[in-house]
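Engineer:
Residue numbers (the working numbering): 15 to 223.
#1: Could you tell me the distance, in whole angstroms, from the CA atom of residue 170 to the CA atom of residue 99?
#2: Sorted by chain position, which residues of the same chain lie with C-beta nearer than 6 Å to residue 181's C-beta, five sequence neighbours on each side aside?
#3: By how many angstroms is the C-alpha of residue 150 removed from the C-alpha of residue 20?
#4: In angstroms, rounded to a whole number, what distance separates the CA positions of residue 122 and residue 212?
#5: Is the closest heavy atom of the ligand ZN to the C-beta of residue 187 under 8 Å?
#6: Return the first residue and the last residue of the beta strand (DSSP E) that residue 98 is part of.
#7: Whose C-alpha, out of 196, 191, 198 and 128, is nearest the C-alpha of residue 86?
#8: Excluding five sequence neighbours on each side, which residues of the same chain lie with their C-beta closer than 8 Å to the C-beta of residue 158?
#9: Please report the residue range of the beta strand (DSSP E) in which residue 149 lies.
#10: Please classify residue 156 as buried or exposed, where buried requires at least 16 other C-beta atoms within 10 Å of its C-beta.
#11: Suppose the cutoff is 7 Å on Cβ atoms and the five residues either side in sequence are ignored; what does the same chain contact list for residue 25 look like?
#12: In or out: residue 46 buried (at least 16 other Cβ within 10 Å) or exposed?
#13: For residue 32, which of helix, strand or coil comes out of DSSP?
#14: Pull up the distance between the alpha-carbon of residue 97 and that of residue 76, whole angstroms please.
#15: Can you find at least 3 beta carbon pairs, one from the segment 138-154 and one from the segment 182-199, that sit closer than 8 Å?
#16: Report yes or no: do three or more beta-carbon pairs, one from the segment 55-74 and one from the segment 189-200, lie closer than 8 Å?
#17: Hey, residue 191 and residue 33 are a contact pair by Cβ (cut 8 Å); roughly how many whole angstroms apart?
#18: Determine the burial state of residue 119: buried for a count of at least 16 other Cβ atoms within 10 Å of its Cβ, exposed for fewer.
#19: Only counting the same chain, and skipping five residues up and downstream in sequence, which positions put a Cβ closer than 6 Å to that of residue 106?
#20: Kindly list the residues whose CB is nearer than 6 Å to the CB of residue 165, restricted to its own chain and excluding five residues on each side of it in sequence; keep chain order.
#21: Given a threshold of 16 other Cβ atoms within 10 Å of its Cβ, counted over all protein chains shown, does residue 208 qualify as buried or as exposed?
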């Protein structure tokens with residue numbers, strides 16, 4: 015398994031430039047991950063996040079689940095009511111703004127929107143319901159040397175190439191290295207995209223923010 019320090023040391027070894035610092039390489043790795051976080055790959059989907067509604071509470075942000083502000087795409091919300099799962103319907107923010115004209119319009123929620131890094135439910139929940147989120151979640155920046163995530167394992171080649179491109183363009187100003195890293199990154203991206211298509215080809219798209 016590749017860790018933060020393992021990737022950093024490999025980049026330093028491959029670029030062979032004594033002027034590079036660990037802080038610069040660390041920043042390039044996190045920047046590379048941030049660059050691709052909003053794209054869908056087979057390894058960055060999640061349905062592990064849930065939150066509990068509160069009676070008469072309409073909006074749900076980081077206090078309900080710390081990852082709600084980090085959602086880059088919601089594929090589906092599902093509420094569990096008495097052991098039965100009910101999918102919620104995505105609506106435009108403007109529509110819920112019009113429909114939710116009073117704070118007394120409570121009930122079992124069946125619609126939602128995502129606005130200002132919060133999930134808004136309609137009707138306003140009248141009780142405690144568990145809501146599961148399926149979608150793409152941006153990961154926290156790497157910090158400790160031993161940190162790792164799927165971007166350093168499944169997408170190791172892609173992130174390493176992008177980090178090297180970043181360093182070559184913005185730090186050491188080496189166009190030949192940047193060009194080579196760009197080619198390697200493009201090849202790695204094509205491989206990941208092809209594998210993602212293979213793994214997800216049986217699914218029907220069309221949901222999400």
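We put the beta carbon where it would ideally sit given N, CA and C, even for glycine.
Structural biologist: Walking through what the data contain:
#1: On the chain shown, residue 170 is found 156 positions in, with the first residue counted as 1. On the chain shown, residue 99 is found 85 positions in, with the first residue counted as 1. Rounded to whole angstroms, residue 170 to residue 99 spans 37 Å at the Cα level.
#2: Locating residue 181 in the chain shown gives position 167, counting from the first residue. Once the five neighbours on either side are set aside, the close Cβ partners of residue 181 are 42.
#3: Looking up residue 20 in the chain shown gives position 6. Looking up residue 150 in the chain shown gives position 136. Near 26 Å, if we compare the C-alpha coordinates of residue 150 and residue 20.
#4: Along the chain shown, one-based indexing puts residue 122 at 108. Along the chain shown, one-based indexing puts residue 212 at 198. Rounded to the nearest angstrom, the two C-alpha atoms are 38 Å apart.
#5: This structure simply doesn't include the ligand ZN, nor any ligand for that matter.
#6: Your numbering for residue 98 matches position 84 in the chain shown. First-last of the beta strand (DSSP E) with residue 98: 98-101.
#7: Taking the first residue of the chain shown as position 1, residue 86 is located at position 72. It is 128 whose Cα lies nearest to the Cα of residue 86.
#8: Residue 158 sits at position 144 when you count from the first residue of the chain shown. Here the set comprises 18.
#9: Position 135 of the chain shown, counted from the first residue, corresponds to residue 149. Start and end: 144-151.
#10: The residue labelled residue 156 in the question sits at position 142 within the chain shown. Buried: at least 16 other Cβ atoms inside 10 Å.
#11: By one-based count along the chain shown, residue 25 stands at place 11. Cβ-Cβ distances below 7 Å link residue 25 to 39, 174, 177 and 178 in the same chain, with the five nearest sequence neighbours on each side left out; the list follows chain order.
#12: For the purposes of this step, residue 46 is taken as the residue at position 32 of the chain shown. Classification for residue 46: buried.
#13: Stepping through the chain shown from its first residue, residue 32 is reached at position 18. Here residue 32 sits in coil by DSSP.
#14: As a first step, residue 97 is located in the chain shown; it is residue number 83 there, counting from the start. As a first step, residue 76 is located in the chain shown; it is residue number 62 there, counting from the start. So the alpha carbons of these two residues sit roughly 26 Å apart.
#15: no
#16: no
#17: Taking the first residue of the chain shown as 1, we reach residue 191 at position 177. Taking the first residue of the chain shown as 1, we reach residue 33 at position 19. Actually they are not in contact, since the Cβ atoms of residue 191 and residue 33 sit about 13 Å apart, beyond 8 Å.
#18: Looking up residue 119 in the chain shown gives position 105. By the neighbour-count rule (16 or more Cβ atoms within 10 Å), residue 119 is not buried but exposed.
#19: Reading the chain shown from its first residue, position 92 is the one you call residue 106. Excluding positions up to five away in sequence, the list is empty.
#20: One-based indexing of the chain shown puts residue 165 at position 151. These residues qualify, in order along the chain: 47 and 173.
#21: Counted from its first residue, the chain shown places residue 208 at position 194. The residue in question, residue 208, is exposed, as its Cβ has fewer than 16 Cβ neighbours within 10 Å.
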